[in-house]
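A.B. asks: Below is the structure I would like to discuss, written out as structure tokens.
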Amino acid sequence: MSNSMSGPAPDGNGSHPPLNAAVMQPAAALQLPSGTLESGPAHLHMGTLRSLAEELGDAAHVLRFLSTYLSMLPTRMGRIDVGLAAAEAEPSLEAVLSLKISSSMVGARVTERHCTAMEKMIRKDRLSDAIQALPALRRVTDQCYAARPHLLDRAAEALLRRGGP
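The working numbering applies: residue -19 is where the sequence shown begins, and numbers increase by one.
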């Protein structure tokens, strides 16, 4: 069974549909701020997680939230798939916004940026562009999902072992 959340993994030649270059950028081209935790293209900004831990006063709650975020990536992507496959803007937009907001909260800035681009496409009734952009978002979320043990370990180290709240 494949580790991909939905559909086959991209082949080594990157045979996914072309992206709207004016709106979407490959994850490698996105500028990431300092303090970003990188595990391949799966990025988490540790400053965001630290700020959330300080706000909540409990790093353990943040780690549980991050764990839930990572475990729900397949479900969230599935909702986006269903909405776009049905060419229904409202459910597609709700699903993209859900992923965008939760990604913002955990510092998954690459995922957040892909969602922002897709949100703009959907709001402009450009569902075909959003469908073309979907494989790039899927690659990033698949990589994040696959890296979840590593990401959780690194986040725990950053929050718990370095004097987090």
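Yeah, the Cβ is synthetic: ideal placement off N, Cα and C, and Gly gets one too.
By alpha-carbon positions, which one of V86, S47 and T55 ends up nearest to R30?
C.D. replies: In the sequence shown, counting from the first residue as 1, residue 30 sits at position 50. It is V86 whose Cα lies nearest to the Cα of R30.
A.B. asks: Assuming R110 and L36 make a contact with CB atoms under 8 Å, what is their CB distance in whole Å?
C.D. replies: In the sequence shown, the residue the question calls residue 110 occupies position 130. In the sequence shown, the residue the question calls residue 36 occupies position 56. The residue asked about is misnamed: residue 110 is Ala in this sequence, not Arg. With a Cβ gap of about 33 Å, A110 and L36 do not count as contacting.
A.B. asks: Are L131 and L50 closer than 9 Å when you measure CB to CB?
C.D. replies: Numbered from 1 along the sequence shown, position 151 holds the residue referred to as residue 131. Numbered from 1 along the sequence shown, position 70 holds the residue referred to as residue 50. Against a cut-off of 9 Å, the Cβ pair of L50 and L131 comes out as a contact.
A.B. asks: Can you give the Cα-Cα distance for D38 and R44, rounded to whole angstroms?
C.D. replies: Working through the sequence shown from its first residue, we reach residue 38 at position 58. Working through the sequence shown from its first residue, we reach residue 44 at position 64. Taking the straight line from one Cα to the other gives about 10 Å.
A.B. asks: Are the stretch 81 to 101 and the stretch 112 to 130 in contact at 8 Å, needing three or more beta carbon pairs?
C.D. replies: yes
A.B. asks: Only counting the same chain, and skipping five residues up and downstream in sequence, which positions put a Cβ closer than 6 Å to that of L32?
C.D. replies: Here the question's residue 32 lines up with position 52 in the sequence shown. Result list for L32: V42, in chain order.
A.B. asks: Give the secondary structure of R118 by DSSP, where H, G and I count as helix, E and B as strand, and everything else as coil.
C.D. replies: One-based indexing of the sequence shown puts residue 118 at position 138. R118: helix per DSSP, three-state reduction.
A.B. asks: How many whole angstroms separate the CB atoms of A138 and M57, which I take to be in contact at a CB cut-off of 8 Å?
C.D. replies: As a working mapping, residue 138 is identified with position 158 in the sequence shown. As a working mapping, residue 57 is identified with position 77 in the sequence shown. Not a contact, Cβ separation roughly 26 Å.
A.B. asks: Determine, using beta carbons only, whether V90 and H23 come nearer to each other than 9 Å.
C.D. replies: Translated into the one-based positions of the sequence shown, residue 90 becomes position 110. Translated into the one-based positions of the sequence shown, residue 23 becomes position 43. Against a cut-off of 9 Å, the Cβ pair of H23 and V90 comes out as a contact.
A.B. asks: Kindly say whether S72, judged by its beta-carbon, lies nearer than 9 Å to any beta-carbon of chain D.
C.D. replies: In the displayed structure, chain D is absent; only one protein chain is listed.
A.B. asks: Is A67 helix, strand or coil when you go by DSSP?
C.D. replies: For the purposes of this step, residue 67 is identified with residue 87 of the sequence shown, where counting begins at 1. Coil, per DSSP.
A.B. asks: If you reduce the DSSP assignment to three classes, tell me which class K100 lands in.
C.D. replies: Translated into positions along the sequence shown, residue 100 becomes position 120. Residue state, collapsed to three classes: helix.
A.B. asks: If we call anything under 9 Å between Cβ atoms a contact, is L140 one with A40?
C.D. replies: The residue given as residue 140 occupies position 160 in the sequence shown. The residue given as residue 40 occupies position 60 in the sequence shown. For L140 and A40, yes; Cβs fall inside 9 Å.
A.B. asks: How would you label T48, buried or exposed, when you count the other beta carbons within 10 angstroms and need 16 or more for buried?
C.D. replies: Along the sequence shown, one-based indexing puts residue 48 at 68. Classification for T48: exposed.
A.B. asks: Check whether the Cβ atoms of E99 and L73 lie closer than 9 Å to each other.
C.D. replies: In the sequence shown, residue 99 corresponds to position 119, counting from 1. In the sequence shown, residue 73 corresponds to position 93, counting from 1. The answer is yes: Cβ separation under 9 Å.
A.B. asks: Locate the alpha helix (DSSP H) running through D133, then write down its first and last residues.
C.D. replies: Taking the first residue of the sequence shown as 1, we reach residue 133 at position 153. Start and end: R128 to L140.
A.B. asks: Comparing alpha-carbon positions, which option in T55, P71, A67 and V62 lies nearest R151?
C.D. replies: Residue numbering for the chain in the displayed model covers -19 to 145; residue 151 lies beyond these limits and cannot be assessed.
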